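Residue numbers (this note's numbering), protein chains in the order written: chain A, 1 to 365; chain B, 1001 to 1700. Notes for the one structure printed next.
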Amino acid sequence: MRRAKSPDFVLFLAMVMLLGIGIVMVFSSSAVDASVNYGDKYYFLKRQALWALIGLGALLVAMKVDYWRIQPYTKAIFLISLLLLVVVLIPGVGITAHGARRWIDLGVVSFQPSELMKLAFVLYLANYLDRRQRIMGSFSRGVLPPLILLGIVFALILVEPDLGTAVAIAGMVFVMLFVGGAKVLHLFMVGLASLPAGAWMVLGEEYRRERFFAFLNPWADRLGSGFHIIQALYALGSGRLFGVGLGQSRQKLFYLPERHTDFIFAIIGEELGFVGCIFVLSLFFILAWRGYRIAVSAPDTFGCFLAAGITTMITLQVIINVGVVTSLLPITGITLPLISFGGSSLVPTMAGIGILMNISRYTKS
Amino acid sequence: MSSPPGVALRRRILFLFFSTLLAVLVLVMRLAWIQVALGEELRARAEEDRTRSMPVQARRGTIFDRRGRELAISVNVDSVFAVPAEIEDAEATAAKLASTLGMDYGKVLDRLTRRAAFVWIKRQIDPEVAAELQAADLPGIGFTQESRRYYPKGSLASHVLGIAGIDNQGLEGVEVVYDEELRGTPGKIIIEYDARGRELPQAVHRYVPPVDGQSLVLTIDEVIQFITERELEKAVIEHQALRGVAIVMDPRTGEILAMANRPDYDPNHYQDYPVENRRNLAVTDALPPGSTFKPLTVAMAVEEGVASWGDTFHCPGNIVITGVSVSCWKSHGTLDLEGALEQSCNVAMANLALRLGAESFFRYAEAFNLTNRLGIDFPGEGKGSVPTPAQMRPLDLGVMGFGQTLTMTPLQLLSAIAALANDGVLMKPYLVKQLLGPEGEVLQTFSPTPLRQVVSEKTAREVLQAMVAVVEEGTGRNARVEGYTVAGKTGTAQKVVAGGYERGRYLSSFVGIAPASDPRIAVLVMIDEPKGTYYGGQVAAPAVAAIIRDTMRYLDVPPDASTAEERASEEPLVKVPLVINLSVEDATMELRRQGLGVDVRGGGGVVVDQVPPAGAAVVRGTKVVLSTSVRSASPSDNAMVTVPELIGKSMREVAAVLGALGLRLEVVGSGIAVNQYPEAGERVPPATTIRVEFQPPADR
């Protein structure tokens, strides 16, 4: 039996601050929406607070359960998640919203299986890499099996459709395979081979092509494909250095779409300014720093892969999300972890951080 | 239990960490660019997108004449607009608007339901209608004050002023040249809305007041403009002409005092007139100047030294240039240079041009600005065409000497002639004197711009003097003005149609300068296609004379002292005392005391009659004719006057002499006295009419 230290406090602190900022900003960006559409300006705040509590519970449980005890169940968790991805596609079970069937109705709340799959895939891969690290140099026996699984997952999520999440998971898997010892050449070749398919998916149709490339010059069609990103840039720009003040956003008044979910970072930029943005990014960076630190000092390779995977899962989403909001990347539909409204993302993320904190208890100092 | 992560694994994670760091730094830089570098611009654009602004028009500046009289003003009137998003009941609102404004219901409804932040319903409505609508208090319907252009003097100076449209925009004339200054900056009321079209209570809600436009002070003088238009109109009607142009310019400054065209239009209702009526021919159209060009030919020749005032020319009625015979309008015989101008001799002018040669002629044409635009502050300035030396055949050159073949705008012609009245300095013509701010403060003053010294002061004065002779003795006698010496030149150009001259279609013109001793105005009148008589001296000269006469009077220009008559009228008058029944000695003493001369007739000692009679106001030095008591053979010889020698005197001198003797003058012809009846030495009763025949000196 290993001796447990106290968990990583800095990591916990960064997470709590992000969670707090998230709840405040969800309220600020959704209050008008909520009062107009639900007659209760606290509608989203209440739900996000509830999700945060559930997330905190998940975090505490994950922190208490020693991570190596999870290893035997990783395949099962992955399979259950996979099953849920299939279930969500069944009409009547999956809820359709905005033309996509992504949610499963749990009565009071709904939940998005693809978000659970992110963590599930990390768990699965950590186990896989731990067991096969010596043969990861082989393409067929090391790299290919998880890629086949990725293909299945990717396809299922794509059918919903939710291209952004599918791409994020793919990116995460690639990074983990790289960490696990896969040859860069192999990964590169796979990436290259999937390029035509990717290109077809993105560019196959005129409206998709337009939406995809809108980020390059949103002003070309400012009321059409460029509208969304321009409203985000307006919000960020309006914030300037110190922001217009908490609650003072104008862009949240129905101008900026997805204001309390995918584009909440733009509202942060408007209300808290460049300084606020830097602060939030710094907290995420501290999270990444602590996460990778835990990974390198993990007592075993499973813990190492697990920590690296969870950290990558979070940071990759942050980078994509902020990249989208700042018009560096095409619009994908990736939430900002810990901050965007929505429990499907928040609970697995916090559970993941719980696991990280558990690993941190056994790191060599 | 597996082993802890190896070096390779840790290195890959380290790589991952630094990649993350790099990505975060890129994001930070990107944020800095968007939020700090572009921040203000994006904020402004965002605000613009979120706000709707209602325009508040600026008042368009007034256009004044040179003495501050209003020629174009703006009056405020109401305009109705709608904010479709705020309209509650589109049908009812449309019905009310349609009935009140007399508009089509369907059209109004269409506007009210448009997906626009702001639509005009009707612009510039009557005050009563506005009041009625305001009382109805329809939601989403608003009113704003717009200024409407009004030209209080109607068609006066319409070609100079031009027109301004409903949106306060200059369309023609100085209205368009100084549009930016006149227009001002519109203000606005800005209201911020959310994306669902509701006004934000605590949001941006600003009023940006409009900045009223600047006012213009023109060089035009309303009174001179009026005189000019009146005389131009008279000439055009009298001669049933196609159209006419008149310009009055101050030769010393280049200021345009009047500029008129016929036909004309009323800028208040400009849509009711054909578009051609709005054309300012004075500036835009190049026309053949005809003989009015001749003073320039003479000036060039004298300045260049190829002719002097003593030179004589022989005019047999035509000149043959490179085998082509060009006829003069008359066989002038032998003329000196002044005579050639006076009699408008084509042969002499062709000779002068040929002596100058193509190069010199063209150089002077350039110097007189006949080849280029003058740059007057008026839109669409045209320019004439003068063939280059390379294109000029000797025949062309000769013909150009008397103002055919080449073309120029009336403004170019007048500016060039005016240079002769300004000691040879060509001035740039201009129409706007000053820009005034909204409070009437002077923002900018445009000063006269000398373009260049074209000919020497001496040459200019000599040519001007010769032009005086044109009016006094030559073809321009109809331009004489009582009390002023007028320098001038007639012109009768045959219109060029499709490459050839068209018989029977003439451009009659006259250019005049007054007073010749100290020029104050230069006037050009051009009458296009007069019916019947077509000589410039008959068609245009009277109009120029009338313009000069009334303008001189209006400007209070002292009559110039260059004639005896004028000198006389400037001196104080003396009241003739009553000397009848005094002795000749006493009468003589009394008259001398008053500074009067004495002419005693008859041999008696007592004065029985006097001419002029007692109480008459006469010039000092006037001889009072005294008749004495000794009767001559005939009783009617009492108070007889001896007829003086008049032959060889000018008309003014004759008038002066006869006036002093109390005799009346009957003029026949003009020029120099060649015959008189009764003859010199005959004694006639006072107030007898002396018939004097005059002839132009060259006709002798």
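All residues carry an ideal CB built from backbone N, CA and C; glycine is no exception. In this text, all values refer to a predicted model and were calculated from it rather than measured experimentally.
Here residue 1523 of chain B carries a strand assignment [DSSP, helix/strand/coil]. From the beta-carbon of residue 1020 of chain B, the residues of chain A found nearer than 7 Å are 288, 315.
Inter-residue distance for residue 1345 of chain B and residue 1168 of chain B is about 53 Å (C-alpha atoms, whole angstroms).
Exposure of residue 1667 of chain B is indicated by the presence of fewer than 16 other C-beta atoms within 10 angstroms of its C-beta. With 16 or more neighbouring CB atoms inside 10 Å of its own CB, residue 1513 of chain B falls in the buried class.
Spanning the alpha carbons of residue 1614 of chain B and residue 1330 of chain B requires a straight line of approximately 52 Å.
By the C-beta density criterion, residue 1294 of chain B is buried, having at least 16 other C-beta atoms within 10 angstroms.
Taking a contact to require three or more Cβ pairs closer than 8 Å, the segment 347 to 364 of chain A and the segment 50 to 59 of chain A qualify as touching. Rounded to whole angstroms, residue 78 of chain A and residue 71 of chain A show a C-alpha spacing of 11 Å.
Within its own chain, the residues whose Cβ lies closer than 7 Å to the Cβ of residue 1397 of chain B, once the five positions on either side in sequence are excluded, are 1353, 1354, 1358, 1361, listed in chain order.
In this structure, the alpha-carbon of residue 1123 of chain B lies about 16 Å from that of residue 1099 of chain B. Residue state for residue 103 of chain A is assigned as strand, using DSSP reduced to three classes. Taking the Cα of residue 359 of chain A as reference, the smallest distance to any Cα among A:294, A:253, A:147, A:315 is reached at A:294. Any Cβ of chain B closer than 7 Å to the Cβ of residue 238 of chain A would place that residue at the interface, and such an atom is present. In the displayed model, residue 95 of chain A falls within a strand according to three-state DSSP. Between the segment 283 to 291 of chain A and the segment 314 to 328 of chain A there are three or more C-beta pairs closer than 8 Å, enough to call the two in contact. For residue 1304 of chain B, the closest of B:1372, B:1217, B:1363, B:1259 by C-alpha to C-alpha distance is B:1363. Secondary-structure assignment with DSSP links residue 1512 of chain B through a beta bridge to B:1488, B:1523. Taking the Cβ atoms as the reference, residue 1299 of chain B lies roughly 6 Å from residue 1420 of chain B, within the contact range of under 8 Å. The beta carbons of residue 1417 of chain B and residue 1486 of chain B sit about 13 Å from each other, so the pair does not count as a contact at 8 Å.
Look at residue 295 of chain A: its C-beta is under 7 Å from a C-beta on chain B. Taking the Cα positions, residue 253 of chain A is about 14 Å away from residue 244 of chain A.
In this model, residue 1481 of chain B and residue 1541 of chain B are separated by some 11 Å (Cα to Cα). Residue environment analysis places residue 1677 of chain B among the exposed positions, since fewer than 16 neighbouring C-beta atoms fall within 10 angstroms of its C-beta. Apart from sequence neighbours up to five positions away, the residues of its chain that approach residue 29 of chain A with a beta-carbon distance below 8 Å are 249, 252, 259, 260, 264, 267, ordered along the chain.
The beta carbon of residue 1178 of chain B sits closer than 6 Å to the beta carbons of 1216 from its chain, once the five residues preceding and following it are set aside; these are given in chain order. Within the same chain, 1266 come within 6 Å of residue 1154 of chain B by CB-CB distance, once the 5 residues on both sides are set aside. A residue is called buried once 16 or more other Cβ atoms fall within 10 Å of its Cβ, and residue 1166 of chain B, having fewer, is exposed.
Only 1020, 1021, 1023, 1024, 1026, 1027, 1028, 1030, 1031, 1032, 1034, 1035, 1036, 1038, 1039, 1040 from the segment 1019 to 1040 of chain B bring a Cβ to less than 8 Å from some Cβ of chain A. Taking the beta carbon of residue 278 of chain A as reference, the chain B residues within 7 Å of it are 1028, listed in sequence order. It is roughly 28 Å from the alpha-carbon of residue 1335 of chain B to the alpha-carbon of residue 1367 of chain B. In this model, residue 1458 of chain B and residue 1423 of chain B are separated by some 7 Å (Cα to Cα). Sequence-distant Cβ neighbours of residue 196 of chain A in its own chain, meaning closer than 8 Å and more than five residues away, do not exist here. Using beta-carbon distances, residue 1210 of chain B does not count as an interface residue toward chain A, since no partner is under 7 Å.
For residue 8 of chain A, no chain B residue has a C-beta closer than 9 Å to its own C-beta; the minimum C-beta separation is roughly 15 Å.
Where residue 186 of chain A is concerned, the enclosing alpha helix (DSSP H) starts and stops at 184 to 193.
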